[in-house]
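Everything below concerns the one structure shown next.
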Amino acid sequence: IDVARLSDRLAGLKGRHDSAVSGTQEAKMQAYALEQRRIAQTSLYTRQRKRDFVRLTASKTDEEIALGLLNVTKCSEDVSLMGLTSSLNRTRLCRSGAAG
1391 IDVARLSDRL AGLKGRHDSA VSGTQEAKMQ AYALEQRRIA QTSLYTRQRK RDFVRLTASK
1451 TDEEIALGLL NVTKCSEDVS LMGLTSSLNR TRLCRSGAAG
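Its first residue numbered 1391, the sequence shown is counted upward by one per residue in the numbering used here.
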């Protein structure tokens, strides 16, 4: 009689063990899928960040060139209202040949 009872108990424990192993494998698969998604998202972020950096650098370079041109073409103080006033940095632009 004890052997039958132990056999039933052993079968129950084996079922619980198999269920636990199955759950562990599923959790590992989910963790792997999440890790792959994280890697893909990180890669996308890194590529976008590099593109943004290139654009920002080009934008800053364009701004520096534009400001340099503004400084070169500033009107001298004695020039009358021939220049246009820029609202960005209050620099007056002179007409060609009026820079001083």
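Where a beta carbon is used, it is the ideal one built from N, C-alpha and C, also for glycine.
Note that the structure is predicted; figures quoted are calculated from it, not measured.
Checklist entry - Taking DSSP as the reference, what is the three-state secondary structure of T1463? => result coil
Item to check | C-alpha distance - L1457 paired with T1451, whole-angstrom precision | outcome: 10 Å
Item to check | Inter-residue Cα distance where the pair is F1443 and Y1435 | outcome: 12 Å
Checklist entry - In angstroms, rounded to a whole number, what distance separates the CA positions of R1427 and R1437? => result 15 Å
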